[in-house]
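Numbering (my numbering), first residue to last: 5 to 157. Glycine is no exception: its CB is placed at the ideal position from the N, C-alpha and C atoms. Model, not experiment: these values are computed from the prediction. In what follows, a structure is listed as structure tokens, so that the remarks can point back to it.
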């Protein structure tokens, strides 16, 4: 069954014109694949600990988008020595259905959160609709569906 579904996904990806249901299916697969990948891998522990301190249940949140920037930048720490920083950014969705955009800077091995550039509630930027003309379900609606699925499977 899983191989048949993977075949269908690959066939749909190659298809030049998709109907609305097929577009929704592929968008949801993309969102779910990202969420499941980060649920399994986990965000860096220092970031997870920071989010937990802010009252976000990191075991029930979902990563909607996450970009690891491995192009480090140099800065000077308190001892006037070069230190490498890696800047990660993306969007998480909490179990309370709140979307947060973030950008954080880590040390080289991502064990220390060096700087929080922002953690902003961007929920109002996401349209939550099951019946939007031309696209059907919005990405915000699909993200909420996926959040529910991965937390209740």
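Per DSSP, which residues does residue 30 bridge with? Please list them.
The count along the chain shown starts at 1 and reaches residue 30 at position 26. According to DSSP, residue 30 bridges with nothing at all.
Kindly indicate which three-state DSSP category residue 12 falls into: helix, strand or coil?
In the chain shown, the residue the question calls residue 12 occupies position 8. If DSSP states are grouped into helix, strand and coil, residue 12 belongs with the helices.
Put residue 71 into one of helix, strand or coil per three-state DSSP.
By one-based count along the chain shown, residue 71 stands at place 67. Three-state result, residue 71: strand.
Taking 8 Å as the threshold (C-beta atoms), are residue 104 and residue 124 in contact?
Your numbering for residue 124 matches position 120 in the chain shown. Your numbering for residue 104 matches position 100 in the chain shown. Contact flag set, yes.
Would you mind giving the Cβ-Cβ distance between residue 108 and residue 32, rounded to the nearest angstrom? I have them listed as a contact below 8 Å.
The count along the chain shown starts at 1 and reaches residue 108 at position 104. The count along the chain shown starts at 1 and reaches residue 32 at position 28. That belief does not hold up - the Cβ atoms of residue 108 and residue 32 are roughly 27 Å apart, past 8 Å.
According to DSSP, simplified to helix, strand and coil, what is residue 136?
Within the chain shown, numbered from 1, the residue matching residue 136 stands at position 132. The answer is strand: DSSP assigns residue 136 an E or B state.
Residue 141 classed as buried or exposed, judged by whether at least 16 other C-beta atoms fall within 10 angstroms
For the purposes of this step, residue 141 is taken as residue 137 along the chain shown, with counting starting at 1. With 16 or more other Cβ atoms within 10 Å, it is buried.
For the candidate residues 144, 152 and 135, whose alpha-carbon lies nearest to that of residue 25?
Here residue 25 refers to the residue found at position 21 of the chain shown. Of the candidates 144, 152 and 135, the one whose C-alpha sits nearest the C-alpha of residue 25 is 135.
Pairwise C-alpha distance: residue 113 and residue 60:
Position 56 of the chain shown holds residue 60. Position 109 of the chain shown holds residue 113. So the two alpha carbons sit approximately 23 Å from each other.
Around the C-beta of residue 46, are 16 or more other C-beta atoms found within 10 angstroms, so that it is buried, or is it exposed?
By one-based count along the chain shown, residue 46 stands at place 42. Per the 10 Å Cβ criterion, exposed.
Does the Cβ-Cβ distance between residue 70 and residue 100 come in under 8 Å?
Counting from 1 along the chain shown, the entry for residue 70 is found at position 66. Counting from 1 along the chain shown, the entry for residue 100 is found at position 96. For residue 70 and residue 100, no; Cβs fall outside 8 Å.
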